[in-house]
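Reviewing the structure listed below.
Protein chains: 2
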Amino acid sequence: MSGAVVTTLPLDQILCGDCIETMRGLPSASIDCIFADPPYNLQLQGELRRPDESLVDGVNDEWDKFKSFADYDNFSKAWLIEARRILKKDATLWVIGSYHNIFRLGVLLQDLGFWVLNDIIWRKSNPMPNFRGRRFTNAHETLIWAARSADSRYRFNYQAMKALNEDVQMRSDWYLPLCTGHERLKNKHGLKLHPTQKPESLLQRVLMASTDVSDIVLDPFSGTGTTLAVARKLGRRFIGIERHPDYVVAAKERVAAEEVLTPDKLVITPDKREAPRIPFGSLVERGLLSVGTVLMDKRKKVKATIALDGNLVNGQQRGSIHKMGAMLTNAPSCNGWTFWHVKIDGQWQELDVLRNKLIQELEP
Amino acid sequence: MSGAVVTTLPLDQILCGDCIETMRGLPSASIDCIFADPPYNLQLQGELRRPDESLVDGVNDEWDKFKSFADYDNFSKAWLIEARRILKKDATLWVIGSYHNIFRLGVLLQDLGFWVLNDIIWRKSNPMPNFRGRRFTNAHETLIWAARSADSRYRFNYQAMKALNEDVQMRSDWYLPLCTGHERLKNKHGLKLHPTQKPESLLQRVLMASTDVSDIVLDPFSGTGTTLAVARKLGRRFIGIERHPDYVVAAKERVAAEEVLTPDKLVITPDKREAPRIPFGSLVERGLLSVGTVLMDKRKKVKATIALDGNLVNGQQRGSIHKMGAMLTNAPSCNGWTFWHVKIDGQWQELDVLRNKLIQELEP
DNA sequence: ACCAACTGTGAATCTCAGG
DNA sequence: CCCTGAGATTCACAGTTGG
Chain A
1 MSGAVVTTLP
11 LDQILCGDCI
21 ETMRGLPSAS
31 IDCIFADPPY
41 NLQLQGELRR
51 PDESLVDGVN
61 DEWDKFKSFA
71 DYDNFSKAWL
81 IEARRILKKD
91 ATLWVIGSYH
101 NIFRLGVLLQ
111 DLGFWVLNDI
121 IWRKSNPMPN
131 FRGRRFTNAH
141 ETLIWAARSA
151 DSRYRFNYQA
161 MKALNEDVQM
171 RSDWYLPLCT
181 GHERLKNKHG
191 LKLHPTQKPE
201 SLLQRVLMAS
211 TDVSDIVLDP
221 FSGTGTTLAV
231 ARKLGRRFIG
241 IERHPDYVVA
251 AKERVAAEEV
261 LTPDKLVITP
271 DKREAPRIPF
281 GSLVERGLLS
291 VGTVLMDKRK
301 KVKATIALDG
311 NLVNGQQRGS
321 IHKMGAMLTN
331 APSCNGWTFW
341 HVKIDGQWQE
351 LDVLRNKLIQ
361 ELEP
Chain B
1 MSGAVVTTLP
11 LDQILCGDCI
21 ETMRGLPSAS
31 IDCIFADPPY
41 NLQLQGELRR
51 PDESLVDGVN
61 DEWDKFKSFA
71 DYDNFSKAWL
81 IEARRILKKD
91 ATLWVIGSYH
101 NIFRLGVLLQ
111 DLGFWVLNDI
121 IWRKSNPMPN
131 FRGRRFTNAH
141 ETLIWAARSA
151 DSRYRFNYQA
161 MKALNEDVQM
171 RSDWYLPLCT
181 GHERLKNKHG
191 LKLHPTQKPE
201 SLLQRVLMAS
211 TDVSDIVLDP
221 FSGTGTTLAV
231 ARKLGRRFIG
241 IERHPDYVVA
251 AKERVAAEEV
261 LTPDKLVITP
271 DKREAPRIPF
281 GSLVERGLLS
291 VGTVLMDKRK
301 KVKATIALDG
311 NLVNGQQRGS
321 IHKMGAMLTN
331 APSCNGWTFW
341 HVKIDGQWQE
351 LDVLRNKLIQ
361 ELEP
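So the sequences go chain by chain: A and B. Counted the way the UniProt record's numbering counts, the first sequence spans residues 1 to 364. Counted the way the UniProt record's numbering counts, the second sequence spans residues 1 to 364.
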């Protein structure tokens, strides 16, 4: 398949091969979200021992060895260019790394036209200590979340993130444990199958924040398939790319065993922006408000009257509920739904109450 | 003074001028530590308002405007080259930034031959929320700590950092509040004097970790003088460079008012590496241990006998307390002081106890 | 059965003075 | 400059063993 562009996406599959070559075979503007956990270029020298003389099993794989920063940059640029090509206009991309490589990736993203939305800190609850006492414990990794371009209208499930964080905004620092215990895939000798398997909790946060049900998620360095397994669980479509056949085999088995959440379990707090849009005029059309009704702000400082076309009128001034709120208070903008109040059954209430009532009626 | 290299450092002063030009006037290899809080290149588009329509007073100063990433890179490279020149061989440098600029700075550091030691996350306890609800709350900034080169024997007050953190290693994520309240310098209108004044707690952590008393600390973007004030308080020497005369005036006043901690208050937990070196043989010479005494490891698995020259003997094997500990346990190395135990008054105790006793006697 | 003690391990750029 | 050898250095969990 190398080189040949397919017209139908290989959905819910794991492709074995080099990620740059394999991405070249995929059509442009077809992917909603990419999560990438590329080699970190750790540049480890000799062996490292713990104070008890036991040996640290560091990352010593061939795939993490680069001759120089320039080599690493060339490799990174090549896969990021392909990644950007296959992303839809409003898509986003995540990369994860440490201080060894994350600065290189950040600069490439910025130079290639991606638009950085956040850098996210994965604070590890149980990091490996610094055994020589010569640096601060390296207790975090960094993720960069970027839109394909500055004008991408990307997805961010703000309310769902807020709900996950006890109803305050989700911050850029996430505290999550390493992938250990039964979640960690083992080989036949009982040793870790992959040196850098990421925890599912991290991927769940990522996909819950930035993708929708049925979105297409691609992981160009899919390894043991954590991204793919979580995508499947969350009802997203996925494409994995992995060079090492052993990892592909293990990931296929893992993903197949993953249970898909039923649609009712995938419902999240909707963002207000996604609620059906109700023009103020339709409240008038439908008779929830009648022409000539007087509206006032909360403190009864300003007032206006409803016109037949759904505009408000005050003397010579005329405009939408938003525009009139802004004009009468000399504000640059105004949310008319929460600014204006109307007397219903003797009680002054926000217009938003009526809007919500109509939304309820319109839903099945 | 521009261009003319001075032979004596302008210690405990704040120089008004461009940092690149001013650093060119300083001698090479003369500074122990640089802390830099450069312009962030924020690329703010238009004004930002809170949900209540009040205006967010963002960073919008001339010094934070760069035409492009390339401009920002050129500027950053120029000052980092001068910074590296004036640093001593074993010196370290700190820079702080956000995702707008920190990746550029990290790449430049790596490409110029600096050696990254840690990236540190300043987690803000009270960050500004994201008013639009379109991203995660940007609740942190990133610091990079780098040595002048990979072979620098840099200073890191490991034990002091550990002591500050309830006796566990200090991690790479620091939780500290923003600079607010009385600490925040105000202008004559009661408004904040500088848009990005850093908290003293952050600088104190930085200087306590990576400098010694009397070290020379330079801040090329000294602003309101936070670095300089903390350096003075902690008994370090300082040099500030700042382009804006108003900030220089305010910083001079602030620094002059800063109280210097007395030497007794500047004592920190010393690293063992800095303790006076006691050869094991001197314990034998001074009669704290006698020839022929039997030593054993903690679990009484191996033993050895003290020889007249301070070596240990076991059958044909002979060597220092460290070498014998390593040999008898097949370990690559061993700290004999904590490995071997000796019976004193019926109690088995670490050799280290005797060493500490001798150190006590030798001190005034 | 239950608890205490022990063992293993994680993306790691992990020493330095003195001759 | 290089080489030698003293000697400094670990946190949070998970899993297993032993009492």
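Backbone N, C-alpha and C define an ideal beta-carbon position, used for all residues, glycine too.
Under the 10 Å beta carbon count, A:Y175 is surrounded by fewer than 16 other beta carbons and is classified as exposed. Per DSSP, the unbroken beta strand (DSSP E) holding A:E141 starts and ends at H140 to A147.
B:R355 sits buried, since 16 or more C-beta atoms from the chains shown fall within 10 Å of its C-beta. By the rule that beta-carbons nearer than 8 Å mark a contact, B:T269 does not touch chain A. Legend: CB atoms of the region 121–142 of chain A lying less than 8 Å from CB atoms of chain B belong to residues I121, R123, P127, P129, N130, G133, R134, R135, F136, T137, N138, A139, H140 and T142. The DSSP-derived three-state label of A:G97 is strand. Its Cα nearest to that of A:G292, the residue A:L308 stands out among A:V302, A:L308 and A:R277. Listed in chain order, the non-local C-beta contacts of A:M296 below 6 Å within the same chain comprise K303 and H341, local neighbours out to five positions each way being set aside. Between the alpha carbons of B:M128 and B:L117 lies a distance of about 29 Å. With contacts defined by Cβ atoms closer than 8 Å, B:W115 and B:A91 do not form a contacting pair. Taking all protein chains shown into account, B:N157 has 16 or more neighbouring C-beta atoms within 10 Å of its C-beta and is therefore buried. Taking B:L193 as the centre and dropping the five residues before and after it, the same chain places the C-beta of L185, K186, N187, T224 and A250 closer than 7 Å to its C-beta, in chain order. The three-state reading of DSSP puts B:N335 in coil, since its state is none of H, G, I, E or B. The three-state reading of DSSP puts B:Y154 in coil, since its state is none of H, G, I, E or B. For A:L295, the enclosing beta strand (DSSP E) covers residues V294 to D297. Scanning chain A for C-beta atoms nearer than 7 Å to the C-beta of B:Q169 yields P129, N130 and T137, reported in chain order.
With the rule of 3 Cβ pairs closer than 8 Å, the region 13–30 of chain B does not count as touching the region 330–344 of chain A. By the neighbour-count definition (other C-beta atoms within 10 Å, threshold 16), A:N74 is an exposed residue. Taking 8 Å as the cut-off, the Cβ atoms of B:A29 and B:L87 count as close.
Between A:R237 and A:V255, the CB-CB gap reaches or exceeds 8 Å.
For the set B:Q317, B:T305 and B:G281, the Cα lying nearest the Cα of B:L358 is the one of B:G281. Contact holds between the region 195–210 of chain B and the region 32–41 of chain B, because three or more Cβ pairs, one in each stretch, are under 8 Å apart. A residue is called buried when at least 16 other Cβ atoms come within 10 angstroms of its Cβ; A:I241 meets this threshold and is buried. Along the region 181–221 of chain A, the alpha helix (DSSP H) occurs as fully enclosed runs of 4 or more residues at 200–210, listed in sequence order. Exclusion of the five residues before and after B:L202 leaves W122 and L176 as the residues of its chain whose Cβ lies within less than 7 Å of its Cβ. At least 8 Å separates the beta-carbon of A:T137 from that of A:S98. Between the alpha carbons of A:K89 and B:Q169 lies a gap of roughly 45 Å. For the options B:H322, B:T329, B:G346 and B:E274, the alpha carbon positioned closest to that of B:W337 is the one of B:H322. Chain B places no beta carbon closer than 8 Å to that of A:D345, leaving this residue out of the contacts.
Partner residues in the beta bridge of A:T92, as assigned by DSSP, are A:C33 and A:A147. For the region 97–109 of chain A, the beta-carbon criterion of a distance under 7 Å to any beta-carbon of chain B is satisfied by Y99, F103, R104, G106 and V107. Note on geometry: alpha-carbon atoms of B:G113 and B:M327 lie some 39 Å from one another. For A:T22 and A:A257, the gap between their C-alpha atoms comes out near 25 Å.
At a Cβ-Cβ threshold of 8 Å, A:G235 and A:S214 count as neighbours.
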